[in-house]
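Residue numbers (my numbering): 22 to 373. In this text, a Cβ means the ideal position worked out from N, Cα and C, and glycines have one as well. Below is one structure; the comments refer to it alone.
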């Protein structure tokens, strides 16, 4: 058992609640504070999660010497200022994805981290899923050989979150489907394949379903219900290809909404094998004893990814390991997102 780390959460929305429940499963964490700018929500969520202390602003929380570390669970536009303030105040930071609105702001966060000497961990929870850990292990063991192609497909039939709210307001979110959900798989692919050198990208983003908002039909909505007096000025579909020098390429199709079958798959191709995850199974396609074989690993799929990543965050604070997703990797992901948006805007391939 390490030192008990006293945690504060900034943001009492949906993801803030996820963090609050996950911290309860972390032996060396004590959730002591919650912050939100909406008083009624703050009171409700503090009672729900049993959090003893509340703060109307993140500055109030950061001024409290009883807080050792914070989780930043707020709209994307507030990631950088709150993370930087927290690091400057001597607090460790767990920063939800995406890192921030762009790579330049990400670099500002790294500067604050380096000056503070505190821990910064990116919230890339999909790395902690059991199948992701197994894929990463297989690749590190050389089971796939040289990686040369990655295929990502993340399709929601109708999955625009919080229509009319901050998710669909570019000034607050920085973008739509790309920065919200594609970021997960782009990060996961680069981490899994140990490819952190994206060099060029050709891509196109589309906005076809969110406007006019009242014409958008859906069955359920994350962070809903819709606010029809709000804004939709972001992408709901993105497709493209990224190059990793002369080593590999990655194709991707990601949608918040489109007229296609729902799908969530990642496929990595190598010279010795290929592996595909998603749709409830993991398949390794390779050769064994001079025969072409498909291997379906049997492993424990029951895991709380958020509890796992927060356990690693607290362990890193206690000097018991490294963070599983670094700020430097967060900046590389933001560079890729920036390049995808730029490629779409210019209608041409761009250098990262």
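| request: Rounded to whole angstroms, what's the CA-CA distance from residue 185 to residue 197? Just pull it up for me. | output: CA-CA distance, residue 185 to residue 197, rounds to 12 Å.
| request: Return yes when the Cβ of residue 140 is within less than 8 Å of the Cβ of residue 316, no when it is not. | output: no
| From what residue to what residue does the beta strand (DSSP E) around residue 287 run? | Residues 284-291.
| query | In terms of alpha-carbon separation, which member of 154, 303, 255 and 223 lies closest to residue 329? | reply | 154
| Cβ neighbour criterion (16 or more within 10 Å) applied to residue 282 | exposed
| field | Contact check, residue 31 vs residue 98, beta carbons under 8 Å | value | no
| request: On a CA-only basis, which of 259, 134 and 119 is nearest residue 193? Give me that one, please. | output: Checking every option, the nearest Cα to that of residue 193 belongs to 119.
| I think residue 92 touches residue 70, with their Cβ atoms under 8 Å apart; what is that distance to the nearest whole Å? | Going by Cβ atoms, the distance from residue 92 to residue 70 rounds to 12 Å, so no, they are not a contact pair.
| Cβ shell of residue 78 (< 8 Å), same chain only, five flanking positions each side left out | 56 and 58
| field | Limits of the alpha helix (DSSP H) - the one that residue 332 falls within | value | Start and end: 326-338.
| query | If residue 361 and residue 278 are in contact, beta carbons under 8 Å, what's the gap, nearest whole angstrom? | reply | That pair is no contact at about 18 Å.
| task | Kindly provide the ranges of any alpha helix (DSSP H) runs that are 4 or more residues long and lie completely inside the stretch 44-116, ordered along the chain. | result | 60-70, 79-83 and 100-109
| query | Is residue 172 helix, strand or coil when you go by DSSP? | reply | In the three-state DSSP reduction, residue 172 falls in the strand class (E or B).
| query | According to DSSP, what are the bridge partners of residue 230? | reply | Paired residue(s): none; residue 230 is not in a bridge.
| request: Could you check if residue 238 is buried or exposed, using at least 16 other CB atoms within 10 Å of its CB as the buried criterion? | output: exposed
| field | Sub-8 Å separation of residue 273 and residue 203 beta-carbons | value | Yes.
| query | Can you tell which of 258, 40, 370 and 128 has its C-alpha closest to the C-alpha of residue 229? | reply | 258
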